[in-house]
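K.L.:
Below you will find the structure I want to go over with you.
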Amino acid sequence: MPNLSDRRINAIRSTECLAEARSHQRLTIQCFTTLLSQFKLQKPPPTAASQPIRPPTMPDDSPLNLTPLNRVISPPLNLNPPNTPPNLYTAAYQYFTSIPWCADLLLSESSADGTGLAIPFVAQCFNPVSDLHDQFVGATLASHPRGIKHILSFFRPLDASHLRDPARPIGRVDTLFALGDGLSGYHNIVHGGMTMTMADESMGMVNEINTALGKDGLVHKLSSVTAGLDIKFLQPVSIPGVVCVTAWTESIVGRKTRVKCEVKDSRGEVLAKCTSTWIALKANL
Numbered sequence: 021m022p023n024l025s026d027r028r029i030n031a032i033r034s035t036e037c038l039a040e041a042r043s044h045q046r047l048t049i050q051c052f053t054t055l056l057s058q059f060k061l062q063k064p065p066p067t068a069a070s071q072p073i074r075p076p077t078m079p080d081d082s083p084l085n086l087t088p089l090n091r092v093i094s095p096p097l098n099l100n101p102p103n104t105p106p107n108l109y110t111a112a113y114q115y116f117t118s119i120p121w122c123a124d125l126l127l128s129e130s131s132a133d134g135t136g137l138a139i140p141f142v143a144q145c146f147n148p149v150s151d152l153h154d155q156f157v158g159a160t161l162a163s164h165p166r167g168i169k170h171i172l173s174f175f176r177p178l179d180a181s182h183l184r185d186p187a188r189p190i191g192r193v194d195t196l197f198a199l200g201d202g203l204s205g206y207h208n209i210v211h212g213g214m215t216m217t218m219a220d221e222s223m224g225m226v227n228e229i230n231t232a233l234g235k236d237g238l239v240h241k242l243s244s245v246t247a248g249l250d251i252k253f254l255q256p257v258s259i260p261g262v263v264c265v266t267a268w269t270e271s272i273v274g275r276k277t278r279v280k281c282e283v284k285d286s287r288g289e290v291l292a293k294c295t296s297t298w299i300a301l302k303a304n305l
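Quick note: to get the numbering used here, add 20 to the position in the sequence shown (first position is 1).
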């Protein structure tokens, strides 16, 4: 059995070994710190390849910012833009198909303007991208309980390949408007400015659906604005009720599109006729 003297000697040796180990540890840390300061890694400067890709932005006051081109809703065409109010398309479709003469337009298999079933869509004027766009129709008139209740547009391809052929634009669009009694000028008669608004929006939808479908042509790649509008009021538009506005392309020359339309009631009576000129905005504006 070790005596007290041996225990003291062992304790002294253990203390010396521990001190020596700690000394080696401090030396190792000091050497590592010195090496790290000499060979410190620096973050490489960003390169073009490492930079995030951002789409080009337009100035806030650019006219092209006034009309976004991606707000058309059409489940049959798989056009479902983000942040679209739920049931906007479904509610309009159900409403108009519950009215016999509107259902005939939407569900008939053939018509003078094409073949097969109609392809419905809700235009961007009724589906604003923000509270800075399309507010007159899509917010002010749409939100009022006595304003515009529903809008639904539709077209018919001329044949089986028409829809997917980029060289063949859609030439005619019909739009149904459900009008409340808060849009009157005289008692139960639509204000003339509202009739002009329906005509203007409907004529713009012809280029709009072609843009959404990716059709060829300058006017289908850029935003277009109304340059002129000539309307003839033939009969009063009664409200509340539904009217159908039929718009078609008369001609396209460069950036200029000439469009015509007719406003009709449930009996097919023409209530107003309109001709307009649209100008596609230059991309550098």
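Glycine included, C-beta positions come from ideal geometry on N, C-alpha and C. The model shown is predicted, which means the values in this text are computed figures rather than measured ones.
Using only the alpha-carbon positions, how far apart do residue 191 and residue 269 sit?
P.N.:
5 Å
K.L.:
Tell me which residue opens and which closes the beta strand (DSSP E) that residue 247 is part of.
P.N.:
244–253
K.L.:
Just tell me which of 254, 156 and 201 has its CA closest to the CA of residue 290.
P.N.:
Measuring from the Cα of residue 290, the nearest candidate turns out to be 254.
K.L.:
To the nearest angstrom, report how far apart residue 138 and residue 183 are at their CA atoms.
P.N.:
12 Å
K.L.:
Ignoring anything shorter than 3 residues, give me the beta strand (DSSP E) runs that lie fully in the region 152–213, in order along the chain.
P.N.:
168–175 and 192–199
K.L.:
Going by C-alpha to C-alpha distance, which of 279, 162 and 177 sits closest to residue 170?
P.N.:
162
K.L.:
Below 8 Å on the Cβ atoms is my guess for residue 175 versus residue 262; work out the distance and round it to an integer in Å.
P.N.:
About 18 Å separates the two Cβ atoms, so there is no contact after all.
K.L.:
Between which two residues does the beta strand (DSSP E) carrying residue 292 extend?
P.N.:
290–300
K.L.:
If I measure Cβ to Cβ from residue 250 and keep anything under 6 Å in the same chain, skipping five residues before and after, which residues do I get?
P.N.:
295
K.L.:
Taking Cβ positions, are residue 252 and residue 292 nearer each other than 8 Å?
P.N.:
yes
K.L.:
In this structure, what does DSSP give as the bridge partners for residue 268?
P.N.:
For residue 268, the pairing in a beta bridge is given by DSSP as 192 and 280.
K.L.:
Quick check: what's the CA-CA separation for residue 121 versus residue 288?
P.N.:
10 Å
K.L.:
For the beta strand (DSSP E) containing residue 140, list its first residue and its last residue.
P.N.:
139–141
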